[in-house]
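Engineer:
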Amino acid sequence: MQTVAVIDFETTGMSPGQGARATEIAAVLVQDGRIVDRFQSLMNSGAWVPPFIEQLTGITNSMLRTAPGAESVMRDVARFTRGCPLVAHNAAFDRGFWQAEIARADCEPDPAHQFACTLLLARRLYPQAPNHKLGSLARFHALPSAGRAHRALADAEVTAHLLLRVQEDVQLQFGAELGGRGVDHRLLMALQKANKLALARCVTGHVKASKVPA
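FYI, the numbering for the sequence shown is 0 to 213, going by numbering that gives the first Met the number 0.
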């Protein structure tokens, strides 16, 4: 059974390239259609949190002063997710902070840590949704609420439920093409890059390329 880690960061800004740092990370492990474990921690990088970010997330500078160091937290989460492919909503954002903070912590890169993106997948699978923000998709699919939005664990849990819904819908929509196979991370990575009008062909190509007996 494949275990996937759903990741979410809270940060001081939009990009590590612009000097932003992570303030909180969560990882939710998904296996066999359910959440099986969770990791969450604030992380003190010494960076200052702007007032509008404090208001958005509820994470204050005073909270971070007593939080564990960012490098220690990233080493812990790297161990927690070892060997697991990764998923995030708007993965380009989280991937940037993941790579930057992992490098700062001097962690050995894990080849399994490739990101699938539930935002890209939702754009292809749910064109009828009002938009593809995480909160909007949670309401659209009536996903379980996990607490305050813009906190890492709550958002990671909602994203995990969205991932499970995506896998279920791909299985239902393309069951004939899958031929009894499950919806694994490699297929999700292929689908997120596919033309939305050619998803069935993408699934068929993935199955042929995998060369795994049904």
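Cβ coordinates follow ideal geometry from the N, Cα and C atoms, glycine included.
Would you mind stating whether T56 and E9 have Cβ atoms separated by less than 8 Å?
Structural biologist: Indexing the sequence shown from 1 puts residue 56 at position 57. Indexing the sequence shown from 1 puts residue 9 at position 10. For T56 and E9, yes; Cβs fall inside 8 Å.
Engineer: Please look up how many angstroms separate the CB atoms of A199 and E176, rounded, as I've assumed it's under 8 Å.
Structural biologist: Working through the sequence shown from its first residue, we reach residue 199 at position 200. Working through the sequence shown from its first residue, we reach residue 176 at position 177. So it is a contact: roughly 6 Å between Cβ atoms.
Engineer: Just the C-alpha distance for H112 and C83, rounded to the nearest angstrom, thanks.
Structural biologist: Counted from its first residue, the sequence shown places residue 112 at position 113. Counted from its first residue, the sequence shown places residue 83 at position 84. So the two alpha carbons sit approximately 6 Å from each other.
Engineer: Any beta carbon of chain C sitting closer than 8 Å to that of F114?
Structural biologist: Of the protein chains in the structure, only one exists, and it is not chain C.
Engineer: Tell me whether the beta-carbon of I6 lies closer than 8 Å to the beta-carbon of A26.
Structural biologist: In the sequence shown, residue 6 corresponds to position 7, counting from 1. In the sequence shown, residue 26 corresponds to position 27, counting from 1. Yes; because the gap between Cβ atoms is below 8 Å, this pair is in contact.
Engineer: Around the C-beta of F114, are 16 or more other C-beta atoms found within 10 angstroms, so that it is buried, or is it exposed?
Structural biologist: For the purposes of this step, residue 114 is taken as residue 115 along the sequence shown, with counting starting at 1. Result: buried.
Engineer: Mind checking which residues open and close the alpha helix (DSSP H) that includes I101?
Structural biologist: The residue given as residue 101 occupies position 102 in the sequence shown. Per DSSP, I101 belongs to the alpha helix (DSSP H) from 90 to 103.
Engineer: Can you tell me whether M13 is buried or exposed, with buried defined as 16 or more other CB within 10 angstroms of its CB?
Structural biologist: The count along the sequence shown starts at 1 and reaches residue 13 at position 14. M13 is exposed by the Cβ-count criterion.
Engineer: Rounding to the nearest angstrom, what Cα-Cα distance links S44 and L152 in this structure?
Structural biologist: Residue 44 sits at position 45 when you count from the first residue of the sequence shown. Residue 152 sits at position 153 when you count from the first residue of the sequence shown. Distance between the alpha carbons of S44 and L152 is about 19 Å.
Engineer: Below 8 Å between beta carbons: does that hold for V157 and L142?
Structural biologist: Translated into positions along the sequence shown, residue 157 becomes position 158. Translated into positions along the sequence shown, residue 142 becomes position 143. Contact: yes.
Engineer: In or out: D154 buried (at least 16 other Cβ within 10 Å) or exposed?
Structural biologist: Here residue 154 refers to the residue found at position 155 of the sequence shown. It is buried - the Cβ of D154 has at least 16 other Cβ atoms within 10 Å.
Engineer: Can you look up R33 in the DSSP assignment and give me helix, strand or coil?
Structural biologist: If you number the sequence shown from 1, residue 33 lands on position 34. Three-state result, R33: strand.
Engineer: Evaluate S61 with the Cβ neighbour count: other Cβ atoms within 10 Å of its Cβ, from every protein chain shown; 16 or more gives buried, anything less gives exposed.
Structural biologist: Sequence index remark: in the sequence shown, residue 61 carries index 62 (1-based). Under this definition S61 is an exposed residue.
Engineer: Following the continuous beta strand (DSSP E) through L85, name the residue where it begins and the one where it ends.
Structural biologist: The residue you call residue 85 lines up with position 86 of the sequence shown. Unbroken beta strand (DSSP E) run through L85: 85 to 87.
Engineer: Which of the three DSSP states, helix, strand or coil, is assigned to L163?
Structural biologist: Counting from one through the sequence shown, the residue named residue 163 turns up at place 164. Correct three-state label for L163: helix.
Engineer: Can you tell me whether D93 is buried or exposed? The criterion is at least 16 other CB atoms within 10 Å of its CB, across all chains shown.
Structural biologist: Indexing the sequence shown from 1 puts residue 93 at position 94. Buried: at least 16 other Cβ atoms inside 10 Å.
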